[in-house]
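Novice: Numbering (our numbering), first residue to last: 287 to 601. Could you have a look at this structure, given as structure tokens, before my questions?
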Ligand SMILES: [Zn+2]
Ligand SMILES: [Zn+2]
């Protein structure tokens, strides 16, 4: 039975051991992956200990919580392992109260906005409004781009990436945009025309995402989810070059929903199209691909340094 007394004892015990546990973990994870690891794309689970279980299991040092709406929600998780979490705020970008809550969250310490996953156009009025606000607040914006449904009637998210997003990068040069999800990653290949959520096979150089990362100082990439994992696994030669070209722009993230950091439960929830990762932890799988595809120095930038710079937090 879960008693109040039991709860207080648990909290006290967690508070007492966490600094030491955290130091031990830091050393351990630097050993496991050869670098400490920052997970830019982690959706919080309701129970604080479930968040820590995923980090510890996957050898992740710190994680950025996407989807908290208020400081209280962030604090409830952070209290279980202080110093191991940052957060991006979420709010409905089509409503004034959603915009107000995003602003408030940044005032309260949120390091960014996102992920923004809405049924809007990539260059529509809602994302324009947020882009201008993010420039004023000086925080990055993480956007989910998807043109192919994962299940019936899902609908598309931030549509028109390939054709229309460049205009946003031009119009809002002070806004740091972080690209994420299917359309961002499928468009690393020049032959993509929204045929599949996760195209396979060799990559044709000259894709729009690759080009935008090269051409715009305010565009960055999030390696999370099956989309990032799949794209980075398609073509070993391409991946080597891509990681090298954008070594200061790419950030590791998992978007994993497995329970233990080893693939238990469901790693890509609500996404039958991502079955290739069934039984695997996305964090572990993507870290393995990244490590095999680049030098230790570039690996550390992508899994640790770049996110700290972006979020303006000490490494
Ligand atoms: Zn997403
Ligand atoms: Zn996992």
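Beta carbons: idealized from backbone N, C-alpha and C, even for Gly.
In the DSSP assignment, find the unbroken alpha helix (DSSP H) run with residue 498 in it and report its ends.
Specialist: Segment 494-501, the alpha helix (DSSP H) holding residue 498.
Novice: With a cut-off of 7 Å, give the chain-ordered residues whose Cβ is closer than this to any heavy atom of ligand 1.
Specialist: Listed by chain position, these are 401, 403, 430, 466, 467, 511, 541.
Novice: Please confirm whether residue 604 and residue 399 have their CB atoms less than 8 Å apart.
Specialist: Residue 604 lies beyond the stretch modelled for the chain, which goes from 287 to 601, so this question has no answer here.
Novice: Once the 5 residues before and after residue 417 are set aside, which same chain residues still bring their CB inside 8 Å of it?
Specialist: So the qualifying residues of the chain are 427, 454, 457, 458, 461, 463.
Novice: Determine the DSSP secondary structure at residue 474, reduced to helix, strand or coil.
Specialist: Coil, per DSSP.
Novice: When we look at the beta-carbon of residue 588 and count the other beta-carbons within 10 Å, is it buried (16 or more) or exposed?
Specialist: Residue 588 is buried by the Cβ-count criterion.
Novice: In whole angstroms, what is the alpha-carbon distance linking residue 554 and residue 329?
Specialist: Answer to the nearest angstrom: the Cα atoms are 12 Å apart.
Novice: Could you check the C-alpha separation between residue 435 and residue 478 for me, to the nearest Å?
Specialist: Rounded to whole angstroms, residue 435 to residue 478 spans 16 Å at the Cα level.
Novice: Look at the alpha carbon of residue 361 and the alpha carbon of residue 337, and state the distance between them as a whole number of angstroms.
Specialist: Taking the straight line from one Cα to the other gives about 13 Å.
Novice: Please report the distance separating the alpha-carbon of residue 595 from that of residue 333.
Specialist: Spanning the two alpha carbons is a distance of roughly 29 Å.
Novice: For the region 379-433, list the alpha helix (DSSP H) runs that are entirely contained and at least 4 residues long, ordered along the chain.
Specialist: With a minimum length of 4 residues, the continuous alpha helix (DSSP H) runs that stay inside the region 379-433 are 382-393, 411-423.
Novice: I'd like to confirm something about residue 547: is its beta-carbon nearer than 7 Å to some heavy atom of ligand 2, or not?
Specialist: Yes.
Novice: Are the Cβ atoms of residue 469 and residue 448 separated by less than 8 Å?
Specialist: The answer is yes: Cβ separation under 8 Å.
Novice: Going along the chain, which unbroken runs of the alpha helix (DSSP H) with 4 or more residues stay wholly within the region 497-583?
Specialist: If we require 4 residues or more, the alpha helix (DSSP H) runs fully inside the region 497-583 come out as 511-519, 522-531, 568-579.
Novice: Verify the contact flag: residue 513, CB atom, against every heavy atom of ligand 2, threshold strictly below 7 Å.
Specialist: Every heavy atom of ligand 2 is 7 Å or more from the Cβ of residue 513, so no.
Novice: Give the DSSP-derived three-state secondary structure of residue 354 in the structure shown.
Specialist: Correct three-state label for residue 354: strand.
Novice: Using three-state DSSP, classify residue 324 as helix, strand or coil.
Specialist: Strand.
Novice: Which residue's Cα is closest to the Cα of residue 272: 422, 423, 441?
Specialist: With the chain running from 287 to 601 in the structure shown, residue 272 is simply not present.
Novice: Exposed or buried, which one is residue 310 when buried takes at least 16 other CB atoms within 10 Å?
Specialist: A caution first: residue 310 carries a pLDDT of 45, below 50, which makes its placement in the model too unreliable to give a value.
Novice: Quick check on DSSP: helix, strand or coil for residue 480?
Specialist: Coil, per DSSP.
Novice: Have a look at 369, 354, 401 and flag the residue whose alpha-carbon is nearest the alpha-carbon of residue 390.
Specialist: Measuring from the Cα of residue 390, the nearest candidate turns out to be 354.
Novice: Considering only C-alpha positions, which residue in the set 403, 573, 411, 423 is nearest to residue 518?
Specialist: Ranking 403, 573, 411, 423 by Cα distance to residue 518 puts 573 first.
Novice: Between residue 452 and residue 388, how many whole angstroms is the CB-CB distance? I'm expecting something under 8 Å.
Specialist: Contact doesn't hold; Cβ gap of about 24 Å is too wide.
Novice: For residue 473, which of 439, 432, 501 has the nearest alpha-carbon?
Specialist: Answer by Cα proximity: 432.
Novice: Our contact map puts residue 489 next to residue 520 with C-beta atoms below 8 Å; I'd like the distance itself, whole angstroms only.
Specialist: Indeed, because the Cβ distance is near 6 Å, the residues count as touching under 8 Å.
Novice: Buried or exposed: where does residue 492 fall if 16 or more other Cβ atoms within 10 Å of its Cβ makes it buried?
Specialist: Counting Cβ neighbours within 10 Å, residue 492 comes out exposed, since fewer than 16 surround it.
Novice: Does the beta-carbon of residue 575, which I'm using as the reference point, lie nearer than 7 Å to any heavy atom of ligand 2?
Specialist: False, no ligand heavy atom lies under 7 Å from that Cβ.
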